[in-house]
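To start, the structure itself, in structure tokens.
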Amino acid sequence: TGPSGTGKELVARTLHRRSARRNGPLVAINCSAIPETLLESELFGYRKGAFTGADRDHDGYIRRAQGGTVFLDDVDDLPITVQIKLLRVIQEREIEPVGGQETVPVDFRLICATKVDLQSLVAEGKFREDLYYRLNVIPLELPTLAQHKEDIPALVEHFSRRLNSDTPLALDDERLETLLAHDWPGNVRELQNVVERMVALPDIPPANLFDAPLAGRSAATVVPPRAPDPAAFPGYRAYILECEDRIIQWALRKAEGNISTAARLLDLPRSTLRSKLEKL
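Here the sequence shown is numbered in the working numbering, starting from 15 and rising by one per residue.
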């Protein structure tokens, strides 16, 4: 358990890599991202003809994780009907696909994550008590980034190596002090975005590291450059570059500083956007 952005999936992947199941698949599912009407069939699979459009057998996420690990994020979003079926899968180590008449044995490790207090949901009747106790075997509570700022240098190195394995990001004293002074409402996810910004813009001043709006703030709209003044027209190329700069800055604000997300908003390859940022 832990607030949004604390790295719950990162912990799950680390546990998987260090387990006896590391050679098996890790299947990560965000329960809140799948429509409630599809959750059962996506998790447990279905048989051909089970419903309209089921023109073939479908294994489902749990069977795809055979011999490996299933990571259920936002497990509190599972409807009660699916909670009942998941409990049976955990107890019996077998699943019954939607529309199927026979059960299928499964072998997997289950890791679940939530950002809410499951015990309070149990008290409210929104989460099954029996499933809660089956899941609550080895509970881990993840702290906010503000509670373990001493890990920021190591996290910066980790994220920068993922972005540029040849040259990990070096933190000077001023940048490190800026990062340590920040309260990090977006936790580790926010730090990852800031590292992407520092890698893409190596000369960015420390005071500008958090210029892009963070989670919860509205993104600015695009302000197009003024129409060229015939008397003082800067030239076609300069005007186009100004337009490009405005739209790129808009995308970065909309994406909360995440370069990969901004590239998708602009329909550009990530490498192209990084190249353009270096030239701005």
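Cβ coordinates follow ideal geometry from the N, Cα and C atoms, glycine included.
All of these numbers come straight from a predicted model, not from anything done at the bench.
query	result
Close Cβ partners of Q97 (< 8 angstroms) along its chain, the five nearest in sequence each way excluded	F141, R142 and L145
Rounded C-alpha distance that separates R211 from R175	14 angstroms
A265 and L255 closer than 8 angstroms at C-beta	no
Inter-stretch contact at 8 angstroms, needing at least 3 Cβ pairs: the stretch 143-163 / the stretch 108-116	no
Counted within 10 angstroms of its Cβ, other Cβ atoms place G63 as buried (16 or more) or exposed	exposed
Selection from R27, A277 and I261 that minimises the alpha carbon distance to R36	R27
Cα-Cα separation, N190 to P167	Reading the sequence as shown, one finds Leu at residue 190 and not Asn. L190 and P167: Cα-Cα distance of roughly 8 angstroms.
Separation of G82 from S33, as counted between CA atoms	9 angstroms
Distance between beta carbons of V41 and L154, contact taken as under 8 angstroms	About 20 angstroms; that fails the 8 angstroms criterion.
Extent of the continuous alpha helix (DSSP H) to which T158 belongs	It is not in any alpha helix (DSSP H) - T158 carries neither H nor E in the DSSP assignment.
Reduced DSSP category for V130 - H, G, I as helix; E, B as strand; rest coil	coil
Buried/exposed call for T286, threshold 16 Cβ in 10 Å	exposed
For D144, the first and last residue of its enclosing beta strand (DSSP E)	Counting along the chain, D144 falls outside any beta strand (DSSP E), though it belongs to the alpha helix (DSSP H) covering E143 to L149.
Per-residue burial, H162 [other beta carbons within 10 Å of its own, 16 or more giving buried]	exposed
Buried/exposed call for A229, threshold 16 Cβ in 10 Å	The pLDDT assigned to A229 is 40, lower than 50, so where the model puts this residue is not dependable; a value taken from the coordinates is nonetheless given after this. Flag for A229 reads exposed.
Beta-carbon spacing of I48, F85 below 8 angstroms	no
Nearest residue (CA-CA) to A214, options V170, L177 and V118	L177
Distance between K129 and R123 (C-alpha atoms, nearest Å)	21 angstroms
For T286: DSSP bridge partner residues	Per DSSP, none; premise fails for T286.
Contained beta strand (DSSP E) runs [length at least 3] in the stretch 96-129, N- to C-terminal order	123-126
G67 beta carbon less than 8 angstroms from that of S55	no
Sub-8 angstroms separation of I273 and R284 beta-carbons	yes
Environment of L52 [buried if 16+ CB atoms lie within 10 Å]	exposed
Between the CA atoms of P93 and A137 - distance to the nearest angstrom	16 angstroms
For L86: DSSP bridge partner residues	I43 and C126
Exposed unless 16 or more other CB atoms sit within 10 angstroms - verdict on V89	buried
Cut-off 8 angstroms between Cβ atoms - residues of its own chain near D121, not counting five sequence neighbours on either side	Q80, G81 and R107
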